[in-house]
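Here the structure comes first, spelled out in structure tokens, and everything after it is commentary.
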Amino acid sequence: MAKILMVASEAHPFAKTGGLADVVGALPVALQAFGDEAAVVMPRYRSIPRQEAVLVREDVRIWLNGGFYNVNIYLKLNRGVKFYFIDCHGLLDRDGIYGDRAGDFGDNALRFAVLCLAALEVSRHLFRADIFHCHDWQAALLPLYRKFFFPDDPAFAGTKTLFTIHNLGYQGYFPQRQLTEIGLDDRFWNAGALEFHGGGNLLKAGLIWADYLSTVSPNYAREIQTAEFGCGMEGILRARSGQLAGILNGVDYDDWSPETDRFLAAPYSARNLAGKLACKRDLLEYFGFPLDDRHLRRPIIGVVSRFAEQKGLDLVGQIIAPILDEELTLIVLGSGDPKLEDMFNHLNWARPDKFRCWIGHNNPLAHRIEAGADMFLMPSRYEPCGLNQMYSLRYGTLPIVHATGGLDDTVDGETGFKFWGAYAPHLLDAIRHAVKVFWNDPDQWARMVRTAMARDYSWNASASAYSGLYQALLEDPQAQAESFPPPVAS
Ligand code: ADP
Ligand code: GLC
Numbered sequence: 000m001a002k003i004l005m006v007a008s009e010a011h012p013f014a015k016t017g018g019l020a021d022v023v024g025a026l027p028v029a030l031q032a033f034g035d036e037a038a039v040v041m042p043r044y045r046s047i048p049r050q051e052a053v054l055v056r057e058d059v060r061i062w063l064n065g066g067f068y069n070v071n072i073y074l075k076l077n078r079g080v081k082f083y084f085i086d087c088h089g090l091l092d093r094d095g096i097y098g099d100r101a102g103d104f105g106d107n108a109l110r111f112a113v114l115c116l117a118a119l120e121v122s123r124h125l126f127r128a129d130i131f132h133c134h135d136w137q138a139a140l141l142p143l144y145r146k147f148f149f150p151d152d153p154a155f156a157g158t159k160t161l162f163t164i165h166n167l168g169y170q171g172y173f174p175q176r177q178l179t180e181i182g183l184d185d186r187f188w189n190a191g192a193l194e195f196h197g198g199g200n201l202l203k204a205g206l207i208w209a210d211y212l213s214t215v216s217p218n219y220a221r222e223i224q225t226a227e228f229g230c231g232m233e234g235i236l237r238a239r240s241g242q243l244a245g246i247l248n249g250v251d252y253d254d255w256s257p258e259t260d261r262f263l264a265a266p267y268s269a270r271n272l273a274g275k276l277a278c279k280r281d282l283l284e285y286f287g288f289p290l291d292d293r294h295l296r297r298p299i300i301g302v303v304s305r306f307a308e309q310k311g312l313d314l315v316g317q318i319i320a321p322i323l324d325e326e327l328t329l330i331v332l333g334s335g336d337p338k339l340e341d342m343f344n345h346l347n348w349a350r351p352d353k354f355r356c357w358i359g360h361n362n363p364l365a366h367r368i369e370a371g372a373d374m375f376l377m378p379s380r381y382e383p384c385g386l387n388q389m390y391s392l393r394y395g396t397l398p399i400v401h402a403t404g405g406l407d408d409t410v411d412g413e414t415g416f417k418f419w420g421a422y423a424p425h426l427l428d429a430i431r432h433a434v435k436v437f438w439n440d441p442d443q444w445a446r447m448v449r450t451a452m453a454r455d456y457s458w459n460a461s462a463s464a465y466s467g468l469y470q471a472l473l474e475d476p477q478a479q480a481e482s483f484p485p486p487v488a489s
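The sequence shown maps to residues 0 to 489 in numbering that gives the first Met the number 0.
Below is the structure:
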């Protein structure tokens, strides 16, 4: 039984841009079953109302680079989990999580440095952690600060740090002068520390100085040790491969089950699929398609995604004409890369017979697409875990995926359609194959839907693996010393 303080930039239901939020929202709840107590530290963004939380600590000073920032700490209980919100006027109290329409905020290094230092203060004053479980680059400075700013502080004696990589594609890369602003002197300015191709790389702080590393699927844990997927970090990750676990994310079935999903037109289950047809009708109606036999019968392929290079949606663009030659409907929800937004917006009026998109973030619609579609498309170039394909399995919406990362770990020939190599012709073959099975072999389709819906990707197994890892870390007095190479002076 351990006390875990999770540190992250997003958590469902308070702030979300992607799967990180789903994980940080659900894992602490799942850990309760294993006797661990996990709390979460995250920023209080402007979208999180102060009056719905309790002010538990006022005017905590966060010292950095000779000056200090004042933060207030708010507490809110959600599903039995304590959420500590760090309120910092001018820094974290903003509308956007990472940026606004003009792009990423220029002071993100500072914003998340303050988050990490404030998390240590949460442990000192409010929730004495055994383990700091840090997620992605925004929390990567915590192991460094804990080690070098507070080496002998009794408040942190015996504590361990676990750093989870959700996506190596985002490394927190800043100009050198910003390292000074976050209190890091020349010792950290070399390739063995945070320097990376002439800039400062905050992710490296977690990769080098956390006691243990994990990532979100066994396959991605292997992939990131190669030059193809390592994004320049493969050397460090190979060197630490003995301290790198791959633990698959789970699904929060309280949120994502067709039997109980409050966003659906009708509930359904593997035993009674009538509701799924009602959801299909609802989805077609929402997007203004005629509710005739042709539209109801032909398969809907759904996409719910950030529009980022990672997600491979440009491949769909390359073959959109032959895709839409098939007898199907394609529905896309997402936002991001303006080129992709333009392409999908254009298709909205160019191919109204078969295509619709909704540009933006829309959680209820994401649920309705999962339920109303027949197939779910994820042509990701790389995918550390991916949650939507697991949601799709539960909703009987067969995934079509590129065989990479967690997609390869969670989808097989009995539950979906895979293609190898992120190339448009391979993707087109997979789509055509799925469409062919749908039209020509209803028995096989029904069998696959039943098999997919029966697959169990609940948090249970993953939370058990994390709990075991926490325990092992606490029982291993050597872990800390071994994994803390000191920075060398440049
Ligand atoms: P990633 O974290 O890389 O974006 P995941 O598959 O792990 O990919 O998680 C994505 C999460 O974000 C899922 O919960 C998905 O439903 C949600 N999501 C992505 N885009 C949207 C959107 N436009 N509207 C609503 N939810 C979205
Ligand atoms: C990242 C990854 C995604 C993963 C999610 C949660 O955003 O891109 O594959 O599922 O984090 O771990």
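Just so it is clear, CB atoms sit at the ideal spot from N, CA and C, and this is done for glycine as well. All values derive from a computational prediction rather than experimental measurement.
Coarse secondary structure for Ser8, derived from DSSP in three states: If you number the sequence shown from 1, residue 8 lands on position 9. Coil.
For the beta strand (DSSP E) containing Thr214, list its first residue and its last residue. Here residue 214 refers to the residue found at position 215 of the sequence shown. Run containing Thr214: 211 to 214, per the beta strand (DSSP E) assignment.
Where Val315 falls: helix, strand or coil (DSSP): Walking along the sequence shown from the start, residue 315 turns up at place 316. Of the three classes helix, strand and coil, the one that applies to Val315 here is helix, per DSSP.
So does Gly404 have its beta carbon nearer than 8 Å to some heavy atom of the ligand GLC? Within the sequence shown, the letter at position 405 stands for residue 404. Because some heavy atom of the ligand GLC lies under 8 Å away, the Cβ of Gly404 counts as near it: yes.
Looking at the secondary structure, which residues open and close the beta strand (DSSP E) in which Thr409 lies? Here residue 409 refers to the residue found at position 410 when the sequence shown is read from its first residue. Not the beta strand (DSSP E): Thr409 falls in the alpha helix (DSSP H), residues 404 to 409.
Return yes when the Cβ of Glu222 is within less than 9 Å of the Cβ of Tyr422, no when it is not. What you label residue 422 is simply residue 423 of the sequence shown in a count that begins at 1. What you label residue 222 is simply residue 223 of the sequence shown in a count that begins at 1. Between Tyr422 and Glu222, the C-beta spacing is not below 9 Å.
Is the beta carbon of Arg145 less than 9 Å from the beta carbon of Thr163? For this step, residue 145 is matched to residue 146 along the sequence shown. For this step, residue 163 is matched to residue 164 along the sequence shown. Their beta carbons are not under 9 Å apart, which means Arg145 does not touch Thr163 by this criterion.
Please name the residue or residues paired with Ile72 in a DSSP beta bridge. By one-based count along the sequence shown, residue 72 stands at place 73. DSSP output for Ile72 lists Arg56, Ile85 as bridge partner(s).
Is Thr16 near the ligand ADP, with its Cβ less than 8 Å from a heavy atom? Here residue 16 refers to the residue found at position 17 when the sequence shown is read from its first residue. Closer than 8 Å to some heavy atom of the ligand ADP: that describes the Cβ of Thr16.
Since Pro378 and Leu314 should fall inside the 8 Å C-beta cutoff, what is the C-beta to C-beta distance between them, to a whole number of angstroms? The count along the sequence shown starts at 1 and reaches residue 378 at position 379. The count along the sequence shown starts at 1 and reaches residue 314 at position 315. The C-beta distance from Pro378 to Leu314 rounds to 5 Å, short enough to meet the 8 Å contact threshold.
My output table needs one value for Leu401: the three-state DSSP class, helix, strand or coil. Position 402 of the sequence shown, counting from 1, holds the residue named residue 401. The displayed chain sequence assigns His, not Leu, to residue 401. Three-state result, His401: strand.
In its own chain, which residues sit with a C-beta less than 7 Å from the C-beta of Asn347, not counting the 5 before and 5 after it? As a first step, residue 347 must be located in the sequence shown, where it is residue number 348. The answer, listed in chain order, is Phe354, Arg355, Cys356.
Residues of its chain near Val121, where Cβ-Cβ distance is below 7 Å and the 5 sequence neighbours each way are ignored: By 1-based counting over the sequence shown, the position of residue 121 is 122. Closer than 7 Å at the Cβ level, and outside the excluded window around Val121, lie Leu4, Val40, Ile72, Tyr83.
What does the Cβ neighbour count give for Ser461, buried or exposed, with the cut at 16 atoms within 10 Å? Counting from 1 along the sequence shown, the entry for residue 461 is found at position 462. With 16 or more neighbouring CB atoms inside 10 Å of its own CB, Ser461 falls in the buried class.
Is Pro217 near the ligand GLC - that is, is its Cβ less than 8 Å away from at least one heavy atom of it? The count along the sequence shown starts at 1 and reaches residue 217 at position 218. Result no, Cβ not under 8 Å from the ligand GLC.
Looking only at DSSP bridge pairs, what is Glu326 linked to? The residue you call residue 326 lines up with position 327 of the sequence shown. None, per the DSSP bridge assignment.
Can you say whether Trp62 is buried or exposed, counting buried as having 16 or more other CB atoms within 10 angstroms of its CB? For the purposes of this step, residue 62 is identified with residue 63 of the sequence shown, where counting begins at 1. Taking every protein chain shown into account, the CB of Trp62 has fewer than 16 other CB atoms within 10 angstroms, so this residue is exposed.
When you compare only the Cα positions, how much space is there between Gln443 and Glu413? Here residue 443 refers to the residue found at position 444 when the sequence shown is read from its first residue. Here residue 413 refers to the residue found at position 414 when the sequence shown is read from its first residue. Inter-residue distance for Gln443 and Glu413 is about 9 Å (C-alpha atoms, whole angstroms).
Quick one: what's got a C-beta closer than 8 Å to Arg367's C-beta in the same chain, skipping five residues either side? Position 368 of the sequence shown, counted from the first residue, corresponds to residue 367. Closer than 8 Å at the Cβ level, and outside the excluded window around Arg367, lie Phe262, Leu263, Ala264, Cys278, Asp281, Leu282, Tyr285.
Between which two residues does the beta strand (DSSP E) carrying Ile164 extend? On the sequence shown, position 165 is the one that residue 164 refers to. Ile164 -> beta strand (DSSP E) spans 159 to 164.
Enumerated in chain order, which unbroken segments of the beta strand (DSSP E) with a length of 3 residues or greater are wholly contained in the segment 190 to 267? List check, beta strand (DSSP E) in window: 198 to 200, 211 to 214, 243 to 245.
If you draw a straight line from the alpha carbon of Leu90 to that of Asp373, how long is it in whole angstroms? In the sequence shown, the residue the question calls residue 90 occupies position 91. In the sequence shown, the residue the question calls residue 373 occupies position 374. Using only the alpha carbons, I get a separation of about 44 Å.
Using a 10 Å radius around the Cβ and a threshold of 16 neighbouring Cβ atoms, would you call Lys417 buried or exposed? Taking the sequence shown and counting its residues from 1, one reaches residue 417 at position 418. The residue is buried, with at least 16 neighbouring Cβ atoms inside 10 Å.
Phe67 to Ala139 span [Cα, whole Å]: The residue given as residue 67 occupies position 68 in the sequence shown. The residue given as residue 139 occupies position 140 in the sequence shown. Going by the C-alpha atoms only, they are around 20 Å apart.
Span of the beta strand (DSSP E) around His134: The count along the sequence shown starts at 1 and reaches residue 134 at position 135. 130 to 134 is the extent of the beta strand (DSSP E) around His134.
Quick check on the DSSP output: the alpha helix (DSSP H) that includes Ser463 runs from which residue to which? Position 464 of the sequence shown, counted from the first residue, corresponds to residue 463. Start and end: 458 to 474.
Sequence-distant residues of its chain with Cβ nearer than 7 Å to Arg237 (five each side left out): On the sequence shown, position 238 is the one that residue 237 refers to. Same-chain partners within the cutoff: Gln224.
For Cys384, does the three-state DSSP call read helix, strand or coil? Counting from one through the sequence shown, the residue named residue 384 turns up at place 385. Secondary structure at Cys384: coil, using DSSP grouped into helix, strand and coil.
Taking the straight line between their C-alpha atoms, what separation do you get for Ala14 and Arg93? Counted from its first residue, the sequence shown places residue 14 at position 15. Counted from its first residue, the sequence shown places residue 93 at position 94. Distance between the alpha carbons of Ala14 and Arg93 is about 12 Å.
Would Gly18 pass as a contact of Leu312 if the rule is Cβ separation under 9 Å? For the purposes of this step, residue 18 is taken as residue 19 along the sequence shown, with counting starting at 1. For the purposes of this step, residue 312 is taken as residue 313 along the sequence shown, with counting starting at 1. It is not a contact, given that the beta carbons lie outside the stated cut-off.
In angstroms with no decimal places, state the Cα-to-Cα distance between Thr396 and Asp185. The residue labelled residue 396 in the question sits at position 397 within the sequence shown. The residue labelled residue 185 in the question sits at position 186 within the sequence shown. Each residue's Cα considered, the two are about 53 Å apart.
What's the call for Asn271, buried or exposed, on a 16-neighbour Cβ count within 10 Å? Taking the first residue of the sequence shown as 1, we reach residue 271 at position 272. By the 10 Å Cβ count, Asn271 comes out exposed.
Give the secondary structure of Met0 by DSSP, where H, G and I count as helix, E and B as strand, and everything else as coil. Stepping through the sequence shown from its first residue, residue 0 is reached at position 1. Looking at Met0 - three-state DSSP - the assignment turns out to be coil, as it is neither helix nor strand.
Through-space distance from Gly234 to Tyr469, alpha-carbon basis: As a position in the sequence shown, residue 469 is number 470, starting the count at 1. As a position in the sequence shown, residue 234 is number 235, starting the count at 1. Roughly 25 Å separates the two Cα atoms.
Return the Cβ separation of Ile246 and Tyr465 in integer angstroms, given the expectation that the two are a contact with Cβ distance under 8 Å. Translated into positions along the sequence shown, residue 246 becomes position 247. Translated into positions along the sequence shown, residue 465 becomes position 466. The Cβ separation is near 6 Å, so the contact holds.
Could you tell me which whole beta strand (DSSP E) segments of length 3 or greater appear in the segment 279 to 308? Scanning the segment 279 to 308 from its first residue to its last, the whole beta strand (DSSP E) runs of 3-plus residues come out as 299 to 306.
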